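There are 2 protein chains.
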Amino acid sequence: MKTNPDRTELAARMSAMGEKARIASRRMAAMSTFDKNNALRAMADALDHESGAIIAENEKDVAAAADKGLSKPMIERLKLDSRKIRGMSDGLRQLIELEDPVGKILSSCIRPNGLKIDKVSVPIGVIAIIYESRPNVTVDSAGLCLKAGNAAILRGGSEAIKSNSALLHCINRAGLEAGVPEGAIQAPPPGREAVNAMLKMDRYIDLVIPRGGEGLIRTVAENSMIPVIKHYKGVCHLYVDASADLDMAERLVVNAKCQRPGVCNAIESLLIHGDIAGSFAPRIAKALSGKGVELRGDCEFRRLAPCAIPATEEDWSEEYLDLVLSVRIVPDVQTAAEHINFYGSQHSDGIIAKDPAAVSYFLNQVDSAVVYHNASTRFTDGGEFGMGAEIGISTDKLHARGPMGLRELNTYKYIVYGNGQCRE
Amino acid sequence: MKTNPDRTELAARMSAMGEKARIASRRMAAMSTFDKNNALRAMADALDHESGAIIAENEKDVAAAADKGLSKPMIERLKLDSRKIRGMSDGLRQLIELEDPVGKILSSCIRPNGLKIDKVSVPIGVIAIIYESRPNVTVDSAGLCLKAGNAAILRGGSEAIKSNSALLHCINRAGLEAGVPEGAIQAPPPGREAVNAMLKMDRYIDLVIPRGGEGLIRTVAENSMIPVIKHYKGVCHLYVDASADLDMAERLVVNAKCQRPGVCNAIESLLIHGDIAGSFAPRIAKALSGKGVELRGDCEFRRLAPCAIPATEEDWSEEYLDLVLSVRIVPDVQTAAEHINFYGSQHSDGIIAKDPAAVSYFLNQVDSAVVYHNASTRFTDGGEFGMGAEIGISTDKLHARGPMGLRELNTYKYIVYGNGQCRE
């Protein structure tokens, strides 16, 4: 079989990158908290000092994006200014304050034969993050991986290539001087081929985290031989029970839909118990319409709120990320839970109710990473959960579920201390 | 596009199976400990009562295996008798004694805004187990999944099809009568196509656990769209440091290699520090040869132990599962750790040493699920770790590492209790 020389060169380059990351990861696992914090401080300072040069590179990306006709919100997300860079450096400084997750004894026991078995937290190793658009993910991810003792391979979107490269060079230079091993933070060469090759490098990479649109995440999940933790879409719900305080329900629904509709923990669907629909449906329709929300309802909801347009089957599993909300009237909490489990994305879903039986049924039966009683779904966030920072919100069930912070960027090993025990 | 009618029928059958398992899993998540234990007892009793019929079905498998010319050890593993069936029913009864892992509050906090956030253990959902040969895995896995609140889809090897089917019918009938929901324990239709279809059913199955040879595990990992926890090969090592107690070292090496060479936590490679090789190499060569172990050494070891044959590059990463051991002389603990990280399978590796610096270097730097100081690697086992029972030993780093018991068959969810909190 003939081999494409470009492909061979790429393969060699990718292996070299992987091996470097693996070697760096072993040294990083042994770095002290003091050294890691020093490096984070040096990286933050470097970002502040070099923000002019970074913005100059970013302007080239922005100009290219405008030429390509990218949408205005996309360009807004791409654009850096000194305030946004200050946000990144402050993010790194906040990581200094957070507890080092490495080396904690999670449990310990002494077996009848005298073996002492400690379960100890250790870094995962090498983590690849594949993301789109926002260049701040470069700095946030690098900082989180460093503090958790992991090497990072960062693959940003092609539209942010110059910005990401400038950010990476800046924090890498500062990190290296502060004692971070070479290869701790790397970017693969550009192009789809490199990503495809990366997803097969299970020898060098321990975990892939895709962050971005549904298409990106699906492609990564389908092609990866490395374990993936998906940070997938948020089709979140609030269910207003017959026993709900309707004033509270109105406030919570409006907050969960309107406070920031473009994020994954905003609600996309509202379920209303039939017994209170007569009073609550017109009221919430008025409140939401007043905020500019387009309502898509089932028959019964539209009868009570004529401003709503018909919802199609697709609407029930759609992540609008916009001022649009689907609404359904349900006969009971069982139907609400079934609807959420069937159409939802196992992200964040809540019940507004006073009846303890309905509350406990809902909280137990809804199979989502975060379930809420009498609160807005918008709280699903590492900061709001007290984790300090997050690499994303996992919609997977294994390893990490919901907001994923420093602790979730670690795994564990068992350390067994003996004095000559043989197995009989 | 034309569709093969057989394939359409299979797809429909598989979806029906998946949906039934999903529905059952929701009901199982809410089963009380009392009800689950009752079901386990009923299943154990049924196995004891129906052991004659099960053995009769097993005899058909054994006869077919003999016709097909399966190896004697394979046939031994396949064969059931009343003692082995009693072992299965006792295994189920032991699960009754173990703590129910579901519904534990893993952590809890109250945020400044008054939100109470509980992190609570919940079943994973639907678990598919793909395994070979030993029919007892059918009963062990079904029991573990049930106690942990999960629905199970069990796909055994084709050579054990009648035995597995008899076992499954027996425990299912007893379970159903005792209140286990229908669909809680299922087997897919036979054939490779069914397995391939199953690995794409990420809508219905939350986790796939392959248990068996390297080929099976690799195929599953490469084709699955569902998260896989691999229970891969064990290329385990002992490293005898210059500071080792050599009497202890001899005992531990002999135990780790010879006590049961066919299992994944037996050692396949021995590393000896150069400073003590002159005395230890001839001594351990004699002890191991006396037990019938074939030694494959590097140059230096063969100089000291002429009975050894040359080790090839492949030997260093080979899982012999037999009375064969590769041996290398290393200059220091750093080289030992590097060798293990490079050639090993991140399963179980140990150091025999008195020097605290060498010990701590080894335990920190060796990136394996279980690292040992002064003990045999043969202790990597759910029972020996005090977990009571295990579904296998994970060589992955995510979710579960090392022995995987009831607790590792659960995930968690966050339950957030509010009183009307909106995000500002």
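Sequence order for the protein chains is A and B. For the first sequence, position 72 matches number 72 in the numbering used here, and the numbering has no gaps at all. In short: position in the second sequence from 1, add 1000, done, that's the numbering used here. Cβ atoms here follow ideal geometry from the backbone N, Cα and C, with glycine treated the same way. On a predicted model such as this, the values are computed, not experimentally measured, just so you know.
Collapsed DSSP secondary structure at residue i in the structure displayed
{"i": "N265 (chain A)", "result": "coil"}
{"i": "R111 (chain A)", "result": "coil"}
{"i": "K413 (chain A)", "result": "strand"}
{"i": "R192 (chain A)", "result": "helix"}
{"i": "L1106 (chain B)", "result": "strand"}
{"i": "H373 (chain A)", "result": "strand"}
{"i": "A152 (chain A)", "result": "strand"}
{"i": "M1 (chain A)", "result": "Note on M1 (chain A): pLDDT 44, under 50, position unreliable in the model; the coordinate value appears next. Note: M1 (chain A) maps to coil in three-state DSSP."}
{"i": "D1381 (chain B)", "result": "coil"}
{"i": "M1404 (chain B)", "result": "strand"}
{"i": "G1018 (chain B)", "result": "helix"}
Residues near residue i in its chain [Cβ-Cβ closer than 7 Å; skip 5 each side]
{"i": "E1430 (chain B)", "result": "Coverage of chain B is limited to positions 1001 through 1424, which leaves residue 1430 (chain B) absent and any answer about it impossible."}
{"i": "D245 (chain A)", "result": "K354"}
{"i": "I1415 (chain B)", "result": "D1118, V1120"}
{"i": "P282 (chain A)", "result": "L304, A305"}
{"i": "G1402 (chain B)", "result": "A1369, V1370, T1380, I1393, S1394"}
{"i": "L1238 (chain B)", "result": "L1252, V1253, A1256, I1267, L1270, G1350, I1352, T1377"}
{"i": "S107 (chain A)", "result": "K119"}
{"i": "M1031 (chain B)", "result": "G1149"}
{"i": "T1138 (chain B)", "result": "L1154, G1156, N1164, L1167, L1168"}
Endpoints, beta strand (DSSP E) assigned at residue i
{"i": "Y131 (chain A)", "result": "126-131"}
{"i": "R296 (chain A)", "result": "294-297"}
{"i": "K116 (chain A)", "result": "116-123"}
{"i": "I1391 (chain B)", "result": "I1391 (chain B) -> no beta strand (DSSP E), and no H or E assigned at all."}
{"i": "D1324 (chain B)", "result": "Note on residue identity: the sequence assigns Val, not Asp, to residue 1324 (chain B). Element bounds for V1324 (chain B): 1324-1330."}
{"i": "D1349 (chain B)", "result": "1348-1352"}
{"i": "R1211 (chain B)", "result": "1207-1211"}
Residue interval of the alpha helix (DSSP H) (run including residue i)
{"i": "Q1094 (chain B)", "result": "1082-1097"}
{"i": "L1167 (chain B)", "result": "1161-1177"}
{"i": "A30 (chain A)", "result": "Run containing A30 (chain A): none; DSSP gives neither H nor E here."}
{"i": "G143 (chain A)", "result": "136-147"}
{"i": "D1067 (chain B)", "result": "1051-1067"}
{"i": "D1359 (chain B)", "result": "The residue asked about is misnamed: residue 1359 (chain B) is Val in this sequence, not Asp. 1356-1365 is the span of the alpha helix (DSSP H), which, as asked, contains V1359 (chain B)."}
{"i": "M425 (chain A)", "result": "There is no way to answer for residue 425 (chain A), as the model of chain A reaches only from 1 to 424."}
{"i": "R77 (chain A)", "result": "72-78"}
{"i": "V333 (chain A)", "result": "333-343"}
Neighbourhood of residue i by C-beta distance below 6 Å, restricted to the same chain and skipping five residues each side
{"i": "T1377 (chain B)", "result": "C1236, A1256, N1265, I1267, S1348, G1350"}
{"i": "G418 (chain A)", "result": "L115"}
{"i": "L1363 (chain B)", "result": "V1371"}
{"i": "G1297 (chain B)", "result": "A1308, A1311, V1327"}
{"i": "A1042 (chain B)", "result": "A1174, A1178"}
{"i": "E294 (chain A)", "result": "V324"}
{"i": "I1055 (chain B)", "result": "L1080"}
{"i": "I205 (chain A)", "result": "V126, A128, I226"}
{"i": "N1136 (chain B)", "result": "M1088"}
{"i": "L1321 (chain B)", "result": "G1262"}
8 Å CB neighbourhood of residue i in its chain, flanking five on each side removed
{"i": "L1040 (chain B)", "result": "L1092, R1093, L1095, I1096, G1143, L1146, K1147"}
{"i": "G1388 (chain B)", "result": "Q1094, L1095, E1097, L1098, G1382, G1405, L1406"}
{"i": "M1001 (chain B)", "result": "Bear in mind that the predicted position of M1001 (chain B) carries a pLDDT of just 44, short of 50, making it too unreliable to give a figure here."}
Contact belief for residue i with residue j at Cβ below 8 Å, rounded distance in angstroms
{"i": "G1175 (chain B)", "j": "A1187 (chain B)", "result": "About 14 Å separates the two Cβ atoms, so there is no contact after all."}
{"i": "A1242 (chain B)", "j": "D1275 (chain B)", "result": "4 Å"}
{"i": "S25 (chain A)", "j": "A151 (chain A)", "result": "4 Å"}
{"i": "A1011 (chain B)", "j": "A1197 (chain B)", "result": "6 Å"}
{"i": "I161 (chain A)", "j": "P189 (chain A)", "result": "With a Cβ gap of about 11 Å, I161 (chain A) and P189 (chain A) do not count as contacting."}
{"i": "P123 (chain A)", "j": "G149 (chain A)", "result": "3 Å"}
{"i": "R1319 (chain B)", "j": "G1234 (chain B)", "result": "Inspection of the sequence shows that residue 1319 (chain B) is occupied by Glu rather than by Arg. Confirmed, Cβ separation roughly 6 Å."}
{"i": "G1018 (chain B)", "j": "R1192 (chain B)", "result": "Not quite, the Cβ-Cβ distance comes to about 18 Å (not below 8 Å), so this is no contact."}
Length-filtered (3 minimum) beta strand (DSSP E) runs lying within the segment 214-290 of chain A: Segments of the beta strand (DSSP E) lying fully in the segment 214-290 of chain A: 236-240, 267-273.
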